[in-house]
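Going by mature numbering (1 follows the signal peptide of the UniProt record, and there is no 0), the letters in the sequence shown line up with residues -18 to -1, 1 to 414, in that order. Backbone N, C-alpha and C define an ideal beta-carbon position, used for all residues, glycine too.
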Amino acid sequence: MKFYITLFFTLTIGLANAQTISLKECIALGLKNHPDYQTGVLTAEAATASLTEAKSLRLPTIGVDVYQSTNTGRSIDRFTNNYINDVYNSTYAQARLNQPLFQGFRIQSTIRQNELLLESEKLNLASTQNQLTIRVIQAYLNVLASQELYAIAQNQVLTSKTQLDQISKRVNAGVLGKTEELQIKTQVANDDFSEITASGNLRAARLDLFQLMNANLAPNTQFETLNAEIVAKKYGNELAENALSNLPEVKAADFEIRSFDSRIKAIKGSKLPSLSFLADWNTFYASSNPEQEFFEQINGSRNASFSLGLSIPILGRFQTNPRIQTASIQKRMAENRLASTKLVVNQAVQTAIQNYELASERYNNAISQVAINQENIDAIQSQINAGTVNSIEFILAKTNFDRANSNLVQAKYSFLLQEKVLKFYENGAWDL
């Protein structure tokens, strides 16, 4: 927790000074600030407190009582056992101890139940952390992709304006007609519109990331780029088995099921006898005995007792069996939740593999598109310079080239996202 607090202030200062922020720092800031994760932290802390409370049931209860009273009218003198009719003061003190020795294994079972529930909540917290992590990763990659798409859009405008300048010079020289210039101006306007759209998408992506981190938007913040080396890997059916072994939500559901076994044992323990050790110490003082001072009476009247208490339940209003039945039903519900979780995990893994393979195919296709269209636009540019091709062909070639570059960026970051998801399923840890 100290790490997150330190990192929070470091990142706050960094964002204010428009420094570069990394993916790891974004995730850490999101975990520090996001209420969903903090709710999980508080739930785990509550489970820890419940375990401490359960363990305290093994400890004795110790108490001291002191009573001060004034007596009037007819009463019995505690020292002489004779009737008196006086006004006098009395002080009574008692110390008591109750140590449970055997409670039908209820205490042990309750402690074990809370231990399992604590482990379950810790794993649920890890699951919440993973869910927030993938959301931050997705938002972060969206920012990086939007930055590249915006750069492409800016380059599109620059290229179009450069071409317009060349065409305008030829029109002024009478080499080309006005139509050629108008067509290029139309392309410039279209590229300007695309640049505005790309800029808006980038601002929206940045806002989405900062909102996910629950941090104030810092418009000038730069984001650290990621290693974009893309090497496709083949994933098989064993990935689902790894995911079921690694994912905390699956382990959490298993701990929850086991906790109900301990709960049932604790309830059944209420049918068994319980044994306790009891001790008490008593003393009193009464002003009706003026012959002895206060401390003399306290010392002279003290007495103590020690005992073993055996409690045997005979009839408990038939509440135990319904409680056992309720706990058994809750256990079956937890088992059903585990089965549902495993089903969701299997489906998520299958979908992730399919998306990964599709992203790999799209990326390879996009690389080919860029290479082909780069060669084509270079040839068109040479022909334009030689005056052997019109602006329509240039616009078509440029549009195809720009689309290929955009496809490549989108395919690249889609692949990176799916790759990180599959590596997490495989290893149980995020590759950041």
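Other residues of its chain near residue i: CB distance less than 7 angstroms, five sequence neighbours each side excluded
| i | result |
| --- | --- |
| residue 276 | 267 |
| residue 337 | 400 |
| residue 136 | 177 |
| residue 406 | 412 |
| residue 110 | 18, 19, 22 |
| residue 242 | 309, 312, 313, 316 |
| residue 130 | 391 |
Where residue i sits in the DSSP three-state scheme
| i | result |
| --- | --- |
| residue 62 | coil |
| residue 82 | strand |
| residue 68 | coil |
| residue 217 | coil |
| residue 385 | helix |
| residue 271 | coil |
| residue 146 | helix |
| residue 264 | strand |
| residue 52 | strand |
| residue 208 | coil |
| residue 173 | helix |
| residue 87 | coil |
| residue 413 | coil |
| residue 140 | helix |
| residue 3 | strand |
| residue 257 | strand |
| residue 45 | strand |
| residue 419 | Residue 419 falls outside the range modelled here, since the chain spans only -18 to 414, and no answer is possible. |
Cβ-based neighbour list, residue i, same chain, cut-off 6 angstroms, excluding 5 preceding and 5 following
| i | result |
| --- | --- |
| residue 238 | 102, 316 |
| residue 169 | 142, 377 |
| residue 45 | 78 |
| residue 392 | none |
| residue 201 | none |
Cα-Cα separation, residue i to residue j
| i | j | result |
| --- | --- | --- |
| residue 427 | residue 287 | The chain is shown only over -18 to 414; residue 427 falls outside these bounds and no answer can be derived. |
| residue 96 | residue 208 | 43 angstroms |
| residue 335 | residue 164 | 48 angstroms |
| residue 203 | residue 8 | 12 angstroms |
| residue 88 | residue 284 | 36 angstroms |
| residue 10 | residue 172 | 40 angstroms |
| residue 385 | residue 5 | 28 angstroms |
| residue 413 | residue 108 | 16 angstroms |
| residue 60 | residue 248 | 46 angstroms |
| residue 26 | residue 231 | 14 angstroms |
| residue 305 | residue 314 | 14 angstroms |
| residue 99 | residue 3 | 37 angstroms |
| residue 12 | residue 390 | 29 angstroms |
| residue 159 | residue 150 | 10 angstroms |
| residue 308 | residue 36 | 21 angstroms |
| residue 211 | residue 246 | 54 angstroms |
| residue 320 | residue 250 | 25 angstroms |
| residue 374 | residue 380 | 10 angstroms |
| residue 236 | residue 325 | 14 angstroms |
| residue 257 | residue 274 | 41 angstroms |
| residue 115 | residue 311 | 34 angstroms |
| residue 125 | residue 191 | 8 angstroms |
| residue 299 | residue 34 | 30 angstroms |
| residue 188 | residue 121 | 8 angstroms |
| residue -11 | residue 197 | Note that residue -11 scores a pLDDT of 41, beneath 50, so its modelled location is shaky and nothing firm can be said. |
| residue 270 | residue 48 | 19 angstroms |
| residue 40 | residue 327 | 41 angstroms |
| residue 282 | residue 58 | 19 angstroms |
| residue 364 | residue 199 | 46 angstroms |
| residue 409 | residue 30 | 28 angstroms |
| residue 32 | residue 56 | 52 angstroms |
| residue 215 | residue 113 | 24 angstroms |
Residue of the options minimising C-alpha distance to residue i
| i | options | result |
| --- | --- | --- |
| residue 218 | 404, 17, 412 | 404 |
| residue 234 | 330, 153, 193, 323 | 323 |
| residue 43 | 29, 255, 260, 188 | 260 |
| residue 348 | 318, 375, 395 | 395 |
| residue 82 | 159, 408, 359, 255 | 255 |
| residue 138 | 407, 408, 383 | 383 |
| residue 228 | 411, 40, 34, 76 | 411 |
| residue 93 | 318, 244, 358, 155 | 244 |
| residue 179 | 128, 198, 358 | 128 |
| residue 14 | 118, 57, 41, 175 | 118 |
| residue 402 | 362, 353, 388, 341 | 341 |
| residue 166 | 240, 155, 156, 147 | 147 |
| residue 195 | 350, 16, 332, 409 | 16 |
Spatial neighbours of residue i in its chain, beta-carbon cut-off 8 angstroms, leaving aside the 5 residues before and after
| i | result |
| --- | --- |
| residue 181 | 132, 135 |
| residue 206 | 2, 3, 4, 5 |
| residue 398 | 123, 208, 210, 212 |
- Message: Measuring CB atoms only, is the segment 39 to 55 touching the segment 69 to 76, in the sense that at least three cross pairs come out at less than 8 angstroms?
- Response: Note that the segment 39 to 55 touches the segment 69 to 76; at least 3 beta-carbon pairs, one per stretch, sit closer than 8 angstroms.
- State whether the segment 11 to 24 contacts the segment 215 to 227, with contact taken as three or more CB pairs (one from each stretch) at a distance under 8 angstroms. No, they do not touch.
- Task: Spell out a yes or no on whether the segment 293 to 301 and the segment 178 to 197 are touching, meaning 3 or more CB-CB pairs, one atom from each, closer than 8 angstroms.
- Result: Output reads no: the segment 178 to 197 does not touch the segment 293 to 301.
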